[in-house]
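What follows is a single structure, written as structure tokens, with notes after it.
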Amino acid sequence: MEAVPEESVDSQLMERVNRGDMAAFEEIVRRHQSALVNFFRRSNASMEEAEECAQETFVRMYNYRSRYRALPGRFAAFMYVVARHVWVDRCRRSQRLRRLTTQLAIDSAPPKRPASGLTQAETRIDAQKALDVLSDKLREVVVLSVFQGLDYSQIAEVLGIPLGTVKSRIFLAFQQMRSVLSHDQQVRTD
Amino acid sequence: MTNRCEQTENVVAYLQAQLDPAERDRMTAHLRDCPECSAMLADCGRLLTGMKELPVEPPRSDLADQVLGEIRFRTARTRRRLAITAVVAASLIVVGAVATVLVGRDWREAADDTARGAASEAIDHSEAVSRALDWLARNQQPNGGWPVGKLGGDEKYEIALSALALAALSGCEPELRANYAGNIKTGVDYLLRRQRPDGRFAARPGDTLYNHCIATACLLELYGSGGEARLKEPAKYALDCICMAQTVEGGWNYTGVEGEAPNSAVSIWALQALLWGEAMGFEGLQATLEKGFEWLGGLTDVSGRLGYGTQGDFPYGPETLSAMASFCYRNGGSRYLATDEKVPRIPEGLVERMTAPGEIDYYQSYFLAYLEHPLLAEWKGNLLEHLVAKQARNDVASGSWEPGDRWGQTGGKVYATALAALILEADLRGPQLRSWAK
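Quick note, the sequences are listed as chains A and B, same order.
Add 1188 to the 1-based position in the first sequence for my numbering, that's all there is to it.
Add 2 to the 1-based position in the second sequence for my numbering, that's all there is to it.
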């Protein structure tokens, strides 16, 4: 017998939650708490903030449970829409939200011509450093795509942007990260 | 100027399998012939691998309990806010109709004003209640009682104060009460083990009737709320004991010893227990109640003030006794007081003489907080805010209150904290108690 796909399990659990089954929601929390905490950590939250935001996300998901519709790929999008709102609210409160329009202009500047031949070790060690240079807008697409495993259509739904824009932002993010790492390598070899 | 291959923008999407089949096939073919895109593919591939190898940090502890606890807390808070709006608006009409407390202006006008105010200003004290109940739970002894003597009070009143602590633990919203199910059970076991063959709750020989009457009232509240079958027989024996202890005058005294004069402080607790018992279907209490209220009515002067041993006898002032009697009247006593002259009233000018902020008379405040009279609404709002502000928030004392009133040395921290919690629960617990008033 085929294993039930992960997304189907979550959808089934949410249907049970909508019927008043708190044990089902408890299972949802346990299934996704690590992913959510890491989502916020990758978004530059401290561990304490990440845990608080993860809790708040789950509570809001429960409050919004009647809005959830079990369609393919919907659970992840549902969860990260809520998570993103929690994070934006948190950033507003802590006044750490940068002006995204200005940052987008910076993000659009042509990247440095990359050198080739980044070694495996160098990319592994410096991946965090590369992530850190990204603006919030570019970081969030990378986090959702690379770390949280959402496909581009889900990301588009979470962020409320066209699919093409998701692809562009991810490309831009990788370009910047690549140029940061190659610049570092250039410095080391000079 | 750098001419970038127009296909490079698809490299990462290709890497992440996000291209449709046709685009994917075109890209595969393109990569064979484009060094730029191939180089980017290799670098981005290593970046992707590097990022996926970054450590994953799980939460430091399982979040499920906290999440579910927060959901229960917010759900209960929402229900309480809605209930306050409905209950205050409705109950103020009932208050006026019963004419329990008659002070000053037209009660209908005042009821409308207060209902509108209450609807828009429902105060959320649930966190303070939760902290208080946590303190009570932490300080409960393994035997189920509370160590009143070790917490600043007189151990002679351990039964009464343990009963009030139990009432506080069970008087909160159901979702919160579930957290203390074990404490409540242990506390009930403690009371039941201290019931003597004659039905009296006593921790030691000579234990006062005062303890017994309070314990009986609290036990009946538990029985009436949860319907736990094992409480029925102990409650019946406890009520029988109260009936047997009624003096020839019609009231009850402190010790239960024949010949000692009755006083209203003990009698009101006795009458309240009997009223709740009657409401819950225990039979044979009517004659005792009629005689008890006949006696109590005789202690009320023309101003509606209740005396201690006789009319006009106010060793501790008239306010608390009058408030106690008003509470009892609202919770079933009205069916036994035949005429308006016998209805106890809050003395005129009491609102103006209310204890100033900074002084909390827990005992008096408890009865007043449950009256829901419109002219007490502002006072009650200030009291609740003041209680929350005075609650200890640090270390082992977190959740408790300092017993700074005149009964503080008798009751200690258990007295102050149990009564403060019961005051904060008034909006939730009050309607339940009044539902037993036929």
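We put the CB at the ideal spot given by N, CA and C, even for glycine.
Inter-residue spacing [alpha-carbon to alpha-carbon] between residue i and residue j
i         : j         : result
B/Ala31   : B/Arg6    : 18 Å
B/Leu208  : B/Ala267  : The question names Leu, yet the displayed sequence has Gly at residue 208 of chain B. Taking the straight line from one Cα to the other gives about 18 Å.
B/Glu427  : B/Leu421  : 10 Å
B/Leu50   : A/Ala1344 : 20 Å
B/Leu166  : A/Asp1339 : 58 Å
B/Tyr16   : A/Ser1323 : 23 Å
A/Ile1216 : A/Ser1222 : 11 Å
A/Asp1198 : B/Val58   : 21 Å
B/Leu424  : B/Gly432  : 10 Å
B/Asp27   : A/Gly1352 : 19 Å
B/Asn384  : B/Ala371  : 11 Å
B/Met273  : B/Phe295  : The sequence given here places Leu at residue 273 of chain B; Met does not occur at that position. If I take the Cα positions, the gap works out to 8 Å.
A/Lys1325 : B/Asp397  : 43 Å
B/Arg408  : B/Gly286  : 37 Å
B/Ser336  : B/Ala439  : 8 Å
B/Thr19   : B/Cys46   : The sequence as given places Ala at residue 19 of chain B; Thr does not occur at that position. If I take the Cα positions, the gap works out to 13 Å.
B/Arg140  : B/Leu233  : 25 Å
B/Glu175  : B/Leu430  : 7 Å
B/Lys382  : B/Gln393  : 16 Å
A/Tyr1268 : B/Phe75   : 24 Å
B/Lys158  : B/Leu138  : 19 Å
B/Trp271  : B/Val150  : 20 Å
B/Val259  : B/Tyr417  : 26 Å
A/Glu1239 : A/Ala1233 : 9 Å
A/Leu1360 : A/Phe1263 : 27 Å
B/Gln434  : B/Gly334  : 12 Å
B/Leu222  : A/Arg1272 : 50 Å
A/Glu1195 : A/Phe1228 : 21 Å
B/Lys415  : B/Lys152  : 9 Å
A/Ala1297 : A/Gln1364 : Residue placement at A/Ala1297 cannot be trusted, given a pLDDT of 43 that sits under 50; what the coordinates show is reported in the next sentence. Each residue's Cα considered, the two are about 10 Å apart.
A/His1220 : A/Gln1336 : 10 Å
C-beta contact flag for residue i and residue j at 7 Å
i         : j         : result
B/Trp254  : B/Leu301  : no
B/Thr77   : B/Gly146  : no
B/Glu290  : B/Cys220  : Residue identity check: residue 290 of chain B is Thr in the sequence provided, not Glu. Their beta carbons are not under 7 Å apart, which means B/Thr290 does not touch B/Cys220 by this criterion.
A/Thr1245 : A/Val1225 : no
A/Phe1362 : B/Val14   : yes
B/Arg179  : B/Gly401  : no
A/Ala1315 : B/Met42   : no
B/Met326  : B/Phe369  : yes
B/Tyr310  : B/Pro317  : yes
B/Tyr406  : B/Gly155  : Sequence inspection shows Gly at residue 406 of chain B; the Tyr mentioned does not correspond to that position. No, these two residues do not count as a Cβ contact at 7 Å.
A/Ala1318 : A/Val1368 : yes
B/Pro236  : B/Leu194  : yes
B/Leu163  : B/Leu135  : no
B/Leu323  : B/Leu308  : yes
A/Ile1358 : A/Val1329 : yes
B/Ala183  : A/Glu1214 : no
7 Å CB neighbourhood of residue i in its chain, flanking five on each side removed
i        : result
B/Arg202 : His214, Cys243
B/Thr312 : Leu301
B/His127 : Leu386, Val390, Leu426
Cutoff 7 Å: residue i Cβ touching any chain B Cβ
i         : result
A/Ala1233 : no
A/Lys1317 : no
A/Met1249 : no
A/Ile1343 : no
A/Arg1253 : no
A/Val1334 : yes
A/Lys1325 : no
A/Arg1204 : no
A/Met1365 : yes
A/Glu1214 : yes
CB contact check: residue i to chain A, cutoff 7 Å
i        : result
B/Gln9   : no
B/Pro60  : yes
B/Val150 : no
B/Asp45  : yes
B/Glu175 : no
B/Val69  : yes
B/Ala66  : yes
B/Leu421 : no
B/Leu56  : yes
B/Glu235 : no
Other residues of its chain near residue i: CB distance less than 6 Å, five sequence neighbours each side excluded
i        : result
B/Ala205 : Glu160, Ile161, Arg196
B/Leu168 : Gly189, Cys220
B/Glu251 : Pro264, Trp297
B/Glu2   : In the structure as shown, chain B begins at 3 and stops at 440. Residue 2 of chain B is therefore absent and cannot be evaluated.
B/Leu241 : Gly279, Phe284
Runs of alpha helix (DSSP H) wholly within the stretch 121 to 204 of chain B (minimum 4 residues, chain order)
Qualifying alpha helix (DSSP H) stretches, in chain order: 128 to 141, 160 to 172, 176 to 179, 183 to 195.
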